[in-house]
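Notes follow the structure.
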Amino acid sequence: MVRVNFRLLFKLVLVVLAFGGGIYGLYAYQSQRIPAAMLWQANNAAEQGKTDEAMKYIRRYLELNPDDHDQTLKLADLIQTRATSVKDLTNSLYLYEKVMREAPERVDAARKFVFVCVRLGRHADGLRVAEEV
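When we follow my numbering, the leftmost residue of the sequence shown carries the number 1245, and every step to the right adds one.
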C-alpha cells in the first residue's frame, strides 16, 4: 500500500503557490513600469532630434495605452512634420480624427485636422469640421 507524505505534499504546494505569487507580483510591477519607460524613451528621443525613434516609442506606448490623447496628438504632429507622402499625411489625419471622435472637447485636434485636410486638398472634410468647431 502506498503511503502519501502529506507534510511533504503540503510544503510542496506552499512553495509552488509562493513561487507563482512572486512571479505574478513581478509581472504586475513590470507591466506598470513599461509604458512609463516607453514614454520616457520617446521624450528623450524627441529632445535629441531622433524623430523616427520617438515615433516608434510613442506607437509602442499607444499600444499599451490607446486612450492617451495627448500622446496620440504628439504622434500625429511628429508624423505630419516628417510627412514626405500623402500616406503620411493621411496617417496623421486619421490620428487627429480618432482624437476628435473619442474626445470631442479637444479643439486643438480639430484645428490640426482642418490644417491637414487643406494640405491634402480635402477641403470638404476640413470645412465640415471647421463649421462644427
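Positions of the beta carbon are idealized from the N, C-alpha and C atoms, including for glycine.
Worksheet entry | At least three beta-carbon pairs within less than 8 Å, the segment 1328-1338 to the segment 1296-1311 | The segment 1328-1338 is not in contact with the segment 1296-1311.
Fill in: Y1340 and K1356 closer than 8 Å at C-beta
Their beta carbons are under 8 Å apart, which means Y1340 touches K1356 by this criterion.
Worksheet entry | Length of the line joining the Cα atoms of N1287 and A1298 | Approximately 7 Å between the Cα atoms of the pair.
Worksheet item: To the nearest whole angstrom, what separates the beta carbons of I1216 and L1317, a pair I think is in contact under 8 Å?
Response: Any answer about residue 1216 is impossible in this case: the structure gives the chain only from 1245 up to 1377.
Worksheet item: Which residues in the same chain have their Cβ closer than 8 Å to the Cβ of L1306, if we skip the five residues on either side of it in sequence?
Response: If we look at L1306 and ignore the five residues flanking it on each side, its Cβ neighbours are D1312, Q1315, T1316, L1319.
Fill in: Residue environment, A1353, which counts as buried when at least 16 other CB atoms sit within 10 Å
In the assembly as shown, A1353 is a buried residue. Its beta-carbon has 16 or more other beta-carbons within 10 Å.
Item to complete: Return the residue from the list Q1276, T1325, Q1274 that minimises the CA-CA distance to G1293.
Response: For G1293, the nearest C-alpha among the options comes from T1325.
Item to complete: Tell me whether M1282 is buried or exposed, calling it buried when 16 or more other Cβ atoms sit within 10 Å of its Cβ.
Response: Counting Cβ neighbours within 10 Å, M1282 comes out buried, since at least 16 surround it.
Worksheet item: Thinking C-beta only, is V1358 closer than 8 Å to A1374?
Response: In this structure, V1358 lies closer than 8 Å to A1374 by Cβ.
Discussion item. Taking its Cβ as the centre, do 16 or more other Cβ atoms sit within 10 Å of V1343, making it buried, or is it exposed?
Written reply: A residue is called buried once 16 or more other Cβ atoms fall within 10 Å of its Cβ, and V1343 is buried on that count.
Fill in: P1279, DSSP secondary structure in three states
Shown here, P1279 sits in a helix according to DSSP, grouped into three states.
Worksheet entry | Element boundaries [alpha helix (DSSP H), containing M1245] | Here M1245 belongs to no alpha helix (DSSP H), and DSSP marks it neither H nor E.
Worksheet entry | Collapsed DSSP secondary structure at G1365 in the structure displayed | DSSP places G1365 in coil when its eight states are reduced to three.
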